[in-house]
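In what follows, a structure is listed as structure tokens, so that the remarks can point back to it.
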Amino acid sequence: MTVQDIFVCILAFMPTGWGMLQIAQALKPLVRRAGFWGSVKTLARGDEIVMGLLLFTPLAFFWLTHMILNAAILEVIRLGLRFELGVFIVRG
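In this text, residue positions in the sequence shown follow full-length UniProt numbering: the first is 1, and each later residue adds one.
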């Protein structure tokens with residue numbers, strides 16, 4: 001089994017874990033009486049962390065890089081225009 005296979009299995013079973021958490025929330029009174037509510041909350045927090053790491057972290061890096069590069073390019077353009085306008089004013 002390769003690392004890619006393990007990653008695919010994790011992605012395949014994540015919706016199943018989410019579905020089980022939803023069922024546990026729907027049966028909250030029964031789960032509380034059985035004494036499993038603390039475990040359900042812990043699993044929900046873990047599921048939220050894993051989803052954030054796998055799905056949203058790559059998007060955040062892409063978005064942040066995109067914003068930083070756009071800001072840098074706009075600053076270069078602004079400085080270039082300022083320089084050109086300064087040269088134009090001196091010559092004029």
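Each residue gets a CB set at the ideal place from its N, CA and C atoms; glycine is no exception.
Since we're looking at a predicted model, the values are computed, not measured.
Can you tell me which of the three DSSP states Leu-27 falls into? Judged by DSSP in its simplified three-state form, Leu-27 adopts coil rather than helix or strand.
Thinking C-beta only, is Ala-24 closer than 7 angstroms to Val-40? For Val-40 and Ala-24, yes; Cβs fall inside 7 angstroms.
Please list, in chain order, all residues of the same chain as Ala-44 whose beta carbon is under 6 angstroms from its beta carbon, the five residues on each side excluded. Once the five neighbours on either side are set aside, the close Cβ partners of Ala-44 are Leu-21.
Measuring only the C-alpha atoms, how far is Leu-53 from Leu-74? Rounded to the nearest angstrom, the two C-alpha atoms are 31 angstroms apart.
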